[in-house]
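Chains as they are written, first to last, in the numbering used here: chain A, 499 to 608; chain B, 499 to 608.
Quick reminder that beta carbons are idealized off the backbone N, C-alpha and C, glycines included.
Reviewing the structure listed below.
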DNA sequence: ACGATTGCTACTAAAAGAGTAGCACTACGT
DNA sequence: ACGTAGTGCTACTCTTTTAGTAGCAATCGT
């Protein structure tokens, strides 16, 4: 279950998603991903490049053929996720649930 | 991107996958997931129940209608993952790549 | 009453992630 | 040639998440 393991890491799906269009530079990709730590971004990019899903060209990072293939598989999932988000929020009264709150507890400035 | 955030956590996809068939008890599910820590399993189950994807019945844990719906969306992804795993290993010479090696560095027994 | 099993919590340790600074390199204008 | 600005990325510290193990309260069968 190697790929699913990879997809289970934080940011991996997001990175693939952000690369759906044109190639992005490291910093551009980072900006697209809410300014992830460069260390984490680089780790994930290394993973994805090793897995052959992303490649680095002179234009920046972009999906390989495999990566694009995977993206098309993931599209229905994104659509489902959006529909689900809508009907869940409708069901519980618009306010986000506790689910995600625990995830990123709004760090202080340090 | 709440659902994708949820799916980006470790074990979540696996749990959904293991519940594809019949309902499983807590310990049964744990066994199916390579003996995950009960603390993590419980945390993920709480997440999934809060999200309305899994429910706890007298027969054990099982997918809700939403959960099963999501599962059907995820099926193509699993198939793609298997195909991909085969062609990657064929390409690199059967031995697993470095990708996963860094991931779980084979803990000592403790 | 007794042991076995179940769901789950409590606790510690290790790994992954976040946050920030900044280096080495290239491309540029002057 | 020199400073400036942009790039990809590493180094470091600190926080959060996950792993690992023990074990408790409740239930079950005998």
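- Spanning the alpha carbons of residue 565(B) and residue 546(A) requires a straight line of approximately 28 Å.
- The beta carbons of residue 506(A) and residue 511(B) sit closer together than 8 Å.
- Within chain B, the residues 506 have their CB atoms less than 7 Å from the CB of residue 508(A), given in chain order.
- For secondary structure counted as the alpha helix (DSSP H) over 4 or more consecutive residues, the segment 550 to 595 of chain B holds these complete runs in sequence order: 563 to 590.
- At a cut-off of 8 Å, the C-beta of residue 564(B) has a neighbouring C-beta in chain A.
- Within the DSSP bridge table, the entry for residue 522(A) names 559(A) as partners.
- Any Cβ of chain A closer than 8 Å to the Cβ of residue 514(B) would place that residue at the interface, and such an atom is absent.
- Rounded to the nearest whole angstrom, the C-alpha separation of residue 549(B) and residue 523(A) is 35 Å.
- The residues 534, 536 and 539, in chain order, have a CB closer than 8 Å to that of residue 528(B) in the same chain once the five nearest residues on each side in sequence are set aside.
- DSSP, reduced to helix, strand and coil, places residue 527(A) within a helical segment of the structure shown.
- For residue 516(A), the enclosing alpha helix (DSSP H) stretches over residues 510 to 516.
- With respect to residue 526(B), residue 558(B) sits close: the two C-beta atoms are nearer than 8 Å.
- Under the three-state reduction of DSSP output, residue 538(A) falls in the helix class.
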